[in-house]
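Shown next, in C-alpha coordinates, is the structure this report addresses.
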(Lines of atoms letter the chains of each structure in order from A and count residues from 1; the text may use other names and numbers.)
(Lines give C-alpha, C1' and ligand atoms only; values in the text may rest on other atoms or scores of the structure.)
Protein backbone atom coordinates (compact mmCIF):
# COMPACT_ATOMS: atom_id res chain seq x y z
CA UNK A 1 0.00 0.00 0.00
CA UNK A 2 1.34 3.38 -1.02
CA UNK A 3 0.45 6.86 0.13
CA UNK A 4 -0.48 9.52 -2.42
CA UNK A 5 -1.00 13.24 -2.12
CA UNK A 6 -3.75 14.77 -4.23
CA UNK A 7 -2.81 18.40 -4.88
CA UNK A 8 -5.75 20.44 -6.09
CA UNK A 9 -6.01 23.96 -7.40
CA UNK A 10 -9.51 24.69 -6.16
CA UNK A 11 -11.02 27.26 -8.45
CA UNK A 12 -14.13 25.56 -9.85
CA UNK A 13 -15.50 23.73 -6.81
CA UNK A 14 -18.04 21.53 -8.59
CA UNK A 15 -15.52 20.42 -11.23
CA UNK A 16 -12.79 19.78 -8.69
CA UNK A 17 -15.18 17.72 -6.59
CA UNK A 18 -15.82 15.45 -9.59
CA UNK A 19 -12.11 15.10 -10.39
CA UNK A 20 -11.21 14.35 -6.78
CA UNK A 21 -14.05 11.84 -6.54
CA UNK A 22 -12.56 9.97 -9.49
CA UNK A 23 -9.03 10.11 -8.12
CA UNK A 24 -10.10 8.88 -4.69
CA UNK A 25 -12.13 6.04 -6.20
CA UNK A 26 -9.15 4.86 -8.26
CA UNK A 27 -6.85 5.00 -5.23
CA UNK A 28 -9.41 3.20 -3.05
CA UNK A 29 -9.87 0.50 -5.70
CA UNK A 30 -6.12 -0.04 -5.77
CA UNK A 31 -5.89 -0.15 -1.96
CA UNK A 32 -3.81 2.98 -1.49
CA UNK A 33 -3.98 5.76 1.10
CA UNK A 34 -4.19 9.43 0.25
CA UNK A 35 -4.46 12.96 1.54
CA UNK A 36 -5.70 16.10 -0.22
CA UNK A 37 -4.10 19.53 -0.08
CA UNK A 38 -5.38 22.69 -1.75
CA UNK A 39 -3.26 25.37 -3.42
CA UNK A 40 -4.36 28.73 -4.87
CA UNK A 41 -4.04 27.83 -8.56
CA UNK A 42 -2.66 25.43 -11.15
CA UNK A 43 0.67 27.25 -11.27
CA UNK A 44 1.22 26.40 -7.60
CA UNK A 45 0.64 22.65 -8.02
CA UNK A 46 4.19 21.75 -9.15
CA UNK A 47 5.70 23.77 -6.29
CA UNK A 48 3.45 22.07 -3.74
CA UNK A 49 4.38 18.65 -5.13
CA UNK A 50 8.08 19.54 -4.97
CA UNK A 51 7.73 20.58 -1.33
CA UNK A 52 5.76 17.46 -0.43
CA UNK A 53 8.21 15.21 -2.28
CA UNK A 54 11.04 16.67 -0.20
CA UNK A 55 9.20 15.56 2.95
CA UNK A 56 9.43 11.90 1.96
CA UNK A 57 5.92 11.29 3.34
CA UNK A 58 4.34 10.38 0.00
CA UNK A 59 5.00 7.78 -2.66
CA UNK A 60 3.20 9.58 -5.47
CA UNK A 61 1.14 12.59 -6.42
CA UNK A 62 -2.01 13.48 -8.34
CA UNK A 63 -2.39 17.00 -9.74
CA UNK A 64 -6.02 18.16 -9.96
CA UNK A 65 -7.30 21.41 -11.40
CA UNK A 66 -9.31 23.06 -14.16
CA UNK A 67 -8.10 25.81 -16.47
CA UNK A 68 -10.76 27.22 -18.78
CA UNK A 69 -9.74 29.43 -21.68
CA UNK A 70 -10.58 33.08 -21.13
CA UNK A 71 -10.07 36.23 -23.13
CA UNK A 72 -6.38 36.70 -22.37
CA UNK A 73 -3.06 34.93 -22.86
CA UNK A 74 -3.15 33.84 -19.20
CA UNK A 75 -4.73 30.50 -20.20
CA UNK A 76 -1.65 29.53 -22.22
CA UNK A 77 0.73 30.55 -19.47
CA UNK A 78 -1.12 28.58 -16.80
CA UNK A 79 -1.68 25.53 -19.01
CA UNK A 80 1.85 25.36 -20.37
CA UNK A 81 3.76 26.22 -17.22
CA UNK A 82 1.82 23.91 -14.91
CA UNK A 83 2.39 21.05 -17.37
CA UNK A 84 6.07 21.98 -17.74
CA UNK A 85 6.51 22.03 -13.97
CA UNK A 86 4.91 18.61 -13.56
CA UNK A 87 7.02 17.19 -16.39
CA UNK A 88 10.21 18.53 -14.80
CA UNK A 89 9.29 16.84 -11.52
CA UNK A 90 8.50 13.56 -13.25
CA UNK A 91 11.99 13.63 -14.80
CA UNK A 92 13.31 13.51 -11.23
CA UNK A 93 11.59 10.13 -10.70
CA UNK A 94 8.58 11.58 -8.87
CA UNK A 95 5.45 9.54 -9.63
CA UNK A 96 2.84 12.04 -10.81
CA UNK A 97 -0.51 11.79 -12.53
CA UNK A 98 -1.58 14.98 -14.29
CA UNK A 99 -5.31 15.62 -13.85
CA UNK A 100 -5.23 19.33 -14.67
CA UNK A 101 -7.91 19.90 -17.28
CA UNK A 102 -7.19 22.57 -19.89
CA UNK A 103 -10.40 23.19 -21.78
CA UNK A 104 -12.28 25.73 -23.85
CA UNK A 105 -15.44 25.79 -21.74
CA UNK A 106 -17.25 24.33 -18.74
CA UNK A 107 -19.11 21.74 -20.83
CA UNK A 108 -15.79 20.20 -21.91
CA UNK A 109 -14.60 20.21 -18.30
CA UNK A 110 -17.76 18.47 -17.08
CA UNK A 111 -17.40 15.72 -19.68
CA UNK A 112 -13.80 15.13 -18.66
CA UNK A 113 -14.42 15.36 -14.90
CA UNK A 114 -17.44 13.08 -14.48
CA UNK A 115 -16.64 9.50 -13.44
CA UNK A 116 -19.42 8.26 -15.72
CA UNK A 117 -17.78 9.92 -18.72
CA UNK A 118 -14.03 10.51 -19.19
CA UNK A 119 -13.05 10.32 -15.48
CA UNK A 120 -9.82 12.28 -15.85
CA UNK A 121 -9.37 12.39 -12.07
CA UNK A 122 -9.42 8.61 -11.97
CA UNK A 123 -7.10 8.42 -14.96
CA UNK A 124 -4.62 10.76 -13.29
CA UNK A 125 -4.59 8.57 -10.16
CA UNK A 126 -4.08 5.45 -12.28
CA UNK A 127 -1.20 7.17 -14.09
CA UNK A 128 0.45 8.04 -10.77
CA UNK A 129 0.03 4.43 -9.60
CA UNK A 130 1.56 3.16 -12.85
CA UNK A 131 4.51 5.55 -12.59
CA UNK A 132 5.12 4.49 -8.99
CA UNK A 133 5.17 0.86 -10.11
CA UNK A 134 7.72 1.72 -12.81
CA UNK A 135 9.88 3.63 -10.35
CA UNK A 136 9.86 0.62 -8.02
CA UNK A 137 10.59 -1.76 -10.91
CA UNK A 138 13.63 0.25 -11.96
CA UNK A 139 14.77 0.80 -8.38
CA UNK A 140 14.68 4.57 -8.64
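Residue numbers (the working numbering): 73 to 212.
Just so you know, even glycine gets a beta-carbon here, dropped at the ideal spot from N, CA and C.
Owing to the predicted nature of the structure, the values given are computational and were not obtained by experimental measurement.
Taking the DSSP output, what are the residues bridged to residue 174?
-> 139
By the 10 Å Cβ neighbour count, where 16 or more other Cβ atoms means buried, how is residue 127 classified, buried or exposed?
-> exposed
Contact check, residue 179 vs residue 94, beta carbons under 9 Å | no
Quick one: what does DSSP say residue 198 is sitting in, helix, strand or coil?
-> helix
Report all residues from its chain with a CB closer than 7 Å to the CB of residue 122; omit the five preceding and five following residues, and keep chain order.
-> 161
Rounded distance between the beta-carbons of residue 131 and residue 182, thought under 8 Å = At roughly 31 Å, the Cβ-Cβ gap does not stay under 8 Å, so residue 182 and residue 131 are not in contact.
Are the segment 155 to 169 and the segment 104 to 112 touching by the rule of at least three beta carbon pairs closer than 8 Å?
-> no
Do you know offhand how far residue 86's Cα is from residue 207's?
-> 33 Å
Kindly list the residues whose CB is nearer than 6 Å to the CB of residue 157, restricted to its own chain and excluding five residues on each side of it in sequence; keep chain order.
-> 118
Separation of residue 150 from residue 115, as counted between CA atoms | 6 Å
Can you tell me which of the three DSSP states residue 110 falls into?
-> strand
Measure the Cβ-Cβ separation of residue 171 and residue 91 and say whether it is below 9 Å.
-> yes
Spatial distance of residue 199 from residue 97 (CA atoms) | 14 Å
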